[in-house]
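Notes for the one structure printed next.
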Amino acid sequence: MAEFDPKVRFTQALVARLATITPDGMPHLVPVVFAVDHDVVYTAVDAKPKTTQRLRRLTNIETNPQASVLVDHYADDWTQLWWVRVDGVAAIHRDGEAMHTGYRLLRAKYPQYQSVPLNGPVIAVAVRRWSSWHA
Numbered sequence: 030m031a032e033f034d035p036k037v038r039f040t041q042a043l044v045a046r047l048a049t050i051t052p053d054g055m056p057h058l059v060p061v062v063f064a065v066d067h068d069v070v071y072t073a074v075d076a077k078p079k080t081t082q083r084l085r086r087l088t089n090i091e092t093n094p095q096a097s098v099l100v101d102h103y104a105d106d107w108t109q110l111w112w113v114r115v116d117g118v119a120a121i122h123r124d125g126e127a128m129h130t131g132y133r134l135l136r137a138k139y140p141q142y143q144s145v146p147l148n149g150p151v152i153a154v155a156v157r158r159w160s161s162w163h164a
C-alpha cells in the first residue's frame, strides 16, 4: 500500500468543501474546485450559472476570514477511507498577483476553464494547519 501523504492527496483531489462562518456565527459549507501553491489554497468565483456573484462565502470571509477546506475519499472498502483538512485565513482578491496566480493554477488543473470563464474574485486561503486521517 502506498504511503499516505496528506498534502499530495489534498492537492490531487478535484473537489473540496469550503467552510466559512456567517456573520451570525453559523457554519456555511460549499463544494469548490481549487488549486494549491505551497501553503495557499485558491478557489474562484467563475462564470458558471449563479443568481449573483455576491456569494455568501464572500460576505462570510469579509466578516470573518477564518476558513477550512476539506477533501475526502469514500470507498465501500473502508480501509481506503481518508480525509485532509486545511484551516487558515482567507482573503478575497479582485485584482493583482494573487488573483492571477489563482486563475493560472485553476486553468492548469481544470480543462473546463478553457471554456468556462474565470471572471470573478479569487479566494486565497493561507494554510495555518493541515489535519488528516486515513484508515
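With the first letter of the sequence shown counted as 1, position 3 gets the number 32 in the numbering used here; the numbers rise by one all the way through. Glycine is no exception: its CB is placed at the ideal position from the N, C-alpha and C atoms. Everything numeric in this text was worked out from a predicted model, so none of it was measured.
- Item | With 16 other Cβ atoms within 10 Å as the buried cut-off, status of L167 | Outside the displayed range of the chain (30 to 164) lies residue 167, so it cannot be described from this structure.
- Message: Beta-carbon within less than 8 Å of H57's beta-carbon, same chain only, minus the 5 sequence neighbours each way: which residues are those?
- Response: A48, T49, I50, T51, R85, R86, N89
- Among R46, G117, A164, which has the Cα closest to the Cα of D106? A164
- Task: Counting only runs of 3+ residues fully inside the segment 94-162, write out the beta strand (DSSP E) ranges in chain order.
- Result: 95-102, 111-122
- Query: With a CB to CB cut of under 7 Å and the five nearest residues on each side skipped, what residues in its chain are close to G149?
  - Reply: A73, V74, D75, Q82
- Query: Just the Cα atoms here: how many angstroms apart are H28 and L110?
  - Reply: Residue numbering for the chain in the displayed model covers 30 to 164; residue 28 lies beyond these limits and cannot be assessed.
- Report back the beta-carbon spacing between L198 and Y71 to the nearest angstrom; my notes put them in contact at under 8 Å. Within the shown structure, residues of the chain are numbered from 30 to 164, placing residue 198 beyond reach of any answer.
- Query: On the three-state DSSP scale, how would you describe M30?
  - Reply: Bear in mind that the predicted position of M30 carries a pLDDT of just 48, short of 50, making it too unreliable to give a figure here.
- Query: Looking at the unbroken alpha helix (DSSP H) that takes in P35, where does it start and where does it end?
  - Reply: 35-41
- Item | Proximal residues to A42 (C-beta, below 6 Å), its chain only, five neighbours per side dropped | V100
- Task: Out of F63, F39, I152, point me to the one whose CA is closest to Y142's CA.
- Result: F63
- Item | Separation of A120 from M128, as counted between CA atoms | 10 Å
- Query: What distance in whole Å lies between the Cβ atoms of V118 and V98, which are believed to be in contact at a cut-off of 8 Å?
  - Reply: The pair is not a contact, with the Cβ atoms about 12 Å apart (cut-off 8 Å).
- Between the beta-carbon of T92 and the beta-carbon of V65, is there less than 7 Å? no
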